[in-house]
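In full-length UniProt numbering, the protein residues as written are 1 to 280. We put the beta carbon where it would ideally sit given N, CA and C, even for glycine. Predicted, not measured: the structure shown is a model, and the values here were computed from it.
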Amino acid sequence: MAKIFTSTSGSGTREGLVRAMEANVQETAALWGRVLGCQIHSTPEVDWFLSGTQLSMFNGIIRAQLSTENIDTQIERLLAPFRERDLPMAWLTFPSTTPDNLGKHLLKHGLALDERLPGMAVDLRNLPLDEAPPVGITIKVVENAAEMEQWIYTLSEGSSFPPFVTTLLLDILQRQGYRQSEHYRPYSALRKGRVVGTSLLSPGGGLAGIYNVCTLPEERGRGIGRAVTLAALRSAYARGYHYATLQSSKMGLPIYRRLGFEELCTFEFYFLPASTWQAG
1 MAKIFTSTSG SGTREGLVRA MEANVQETAA LWGRVLGCQI HSTPEVDWFL
51 SGTQLSMFNG IIRAQLSTEN IDTQIERLLA PFRERDLPMA WLTFPSTTPD
101 NLGKHLLKHG LALDERLPGM AVDLRNLPLD EAPPVGITIK VVENAAEMEQ
151 WIYTLSEGSS FPPFVTTLLL DILQRQGYRQ SEHYRPYSAL RKGRVVGTSL
201 LSPGGGLAGI YNVCTLPEER GRGIGRAVTL AALRSAYARG YHYATLQSSK
251 MGLPIYRRLG FEELCTFEFY FLPASTWQAG
């Protein structure tokens, strides 16, 4: 694991922070592959993995440093393993991705731009980490498969996942089981024993990554997203991390800005659907 990033002054530049943010996303994406026991393939040009699961987040290219010469041939060669198995896949691009117009080339090869998200970061030492959650809300770490199942249901409803995605995630949980790990830490926000909010702490690249922050629609506007995010950040700070990073949706931007997160770059997520894929 990378050395903890401690400062944007001196040897720790702002550009260095952005590179650490990229690494956190890449390591988190690779984590999904490792959870399913698949190998992460790495060359000087690309990092990629293929799990065989019919969900793009579990198959993908998570780093690309390609030359402009014969770019179309390179892209088709990299897509071949996924096309041959008729698997959906994700292709992540970052500020350091080369060529810098790779996204335009990906569109010509059948991929679609899924999301363009702001990459944000914050110094944990500037956060109100001792802030209590809203009255009636309890935050806890997910400890077992039953709690993880409820976490998945809440994440799926709060994020408006199609039913087949929820079913697929629950099937993976049933097959793989759930083990607590230092590489990821899911948090649940509960009201009267019901999971109403979620977050995920994923350390990597020397930063604390925050993912899967959501709140059930009927519970929004009550500070639950803020509370479940702070719980993960509090844990990261206790583990020695100085900076945290996340990618925000439009809905989450006001929450993170109020916490002190700053937008530093943009990440793009492309996907290639399988020819037999149906959201039904």
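Rounded Cβ spacing between residue i and residue j (contact assumed at less than 8 Å)
i, j, result
"Ser56", "Gly33", "Incorrect: roughly 12 Å between the Cβ atoms, too far for contact."
"Glu143", "Gln180", "7 Å"
"Ser202", "Thr28", "4 Å"
"Asp207", "Tyr243", "With the sequence shown as reference, residue 207 is identified as Leu, and Asp is not the correct amino acid for it. With 8 Å as the limit, Leu207 and Tyr243 qualify as a contact, their Cβ atoms being about 5 Å apart."
"Val18", "Pro81", "So it is not a contact: roughly 30 Å between Cβ atoms."
"Gly225", "Ile255", "5 Å"
"Leu259", "Leu127", "6 Å"
"Leu102", "Leu66", "7 Å"
Contacting residues, own chain, Cβ-Cβ under 8 Å from residue i (five flanking each side not counted)
i, result
"Ile139", "Pro133, Tyr187, Ser188, Ala189, Leu190, Ala227, Val228 and Ala231"
"Ile61", "Val46, Asp47, Trp48, Leu78, Met89, Ala90, Trp91 and Leu92"
"Gly158", "Gly197, Thr198, Cys214, Thr215, Leu216 and Pro217"
"Met148", "Val142, Leu173, Tyr178 and Pro186"
"Thr154", "Ser188, Val195, Val196, Gly197, Thr198, Cys214 and Leu216"
"Glu182", "Pro203"
"Gly16", "Phe5 and Thr8"
"Lys108", "Asp72"
"Pro44", "Gln65"
"Ile40", "Ala30, Gly33, Arg34, Asp47, Trp48 and Phe49"
Contact set for residue i: own chain, Cβ-Cβ below 6 Å, skip 5 residues either direction
i, result
"Arg222", "Pro134"
"Gly280", "Its pLDDT being 30, under 50, Gly280 is placed unreliably in this model, and the value from its coordinates should be taken loosely. Nothing meets the Cβ criterion."
"Gln26", "Ile62 and Arg63"
"Glu219", "Val196"
"Leu264", "Val18, Gly119 and Ala121"
"Arg125", "none"
"Phe261", "Met120 and Val122"
"Leu246", "Met120 and Ile210"
"Gln150", "Val195"
Straight-line gap, residue i to residue j (C-alpha atoms, nearest Å)
i, j, result
"residue 288", "Glu22", "Outside the shown range of the chain, which is 1 to 280, sits residue 288, and nothing can be said about it."
"Arg185", "Val141", "7 Å"
"Arg63", "Lys104", "16 Å"
"Thr166", "Phe58", "14 Å"
"Ser7", "Glu76", "40 Å"
"Asn24", "Thr98", "18 Å"
"residue 326", "Ser42", "The structure shown does not extend to residue 326, since the chain is modelled only from 1 through 280, so no value can be given for it."
"Ala20", "Gly205", "5 Å"
"Asp171", "Ala146", "13 Å"
"Arg14", "Gly193", "42 Å"
"Gly110", "Ile137", "45 Å"
"Val35", "Tyr241", "24 Å"
"Ala112", "Gln54", "17 Å"
"Phe161", "Phe271", "16 Å"
"Leu87", "Ala274", "5 Å"
"Leu168", "Ile152", "11 Å"
"residue 281", "Arg83", "Residue numbering for the chain in the displayed model covers 1 to 280; residue 281 lies beyond these limits and cannot be assessed."
"Glu131", "Ser249", "24 Å"
"Arg239", "Glu69", "45 Å"
Spatial neighbours of residue i in its chain, beta-carbon cut-off 7 Å, leaving aside the 5 residues before and after
i, result
"Ser235", "Arg185 and Leu201"
"Tyr237", "Leu124 and Leu129"
"Lys3", "Gly206"
Please determine if the region 104-119 and the region 205-221 are in contact, where contact requires at least 3 C-beta pairs separated by less than 8 Å.
No: fewer than three Cβ pairs fall under 8 Å.
Please give the ranges of any beta strand (DSSP E) in the region 187-239, keeping only runs that are unbroken, at least 3 residues long and fully inside the region.
194-204 and 207-215
For a minimum of 3 consecutive residues, which ranges assigned as the beta strand (DSSP E) are wholly contained in the region 111-191?
If only complete runs of 3 or more residues are kept, the region 111-191 shows the beta strand (DSSP E) at 112-123, 137-141 and 185-191, in order along the chain.
Minimum length 3: unbroken beta strand (DSSP E) runs contained in the region 12-50
Taking only runs of at least 3 residues, the beta strand (DSSP E) segments lying wholly in the region 12-50 are 40-42 and 46-50.
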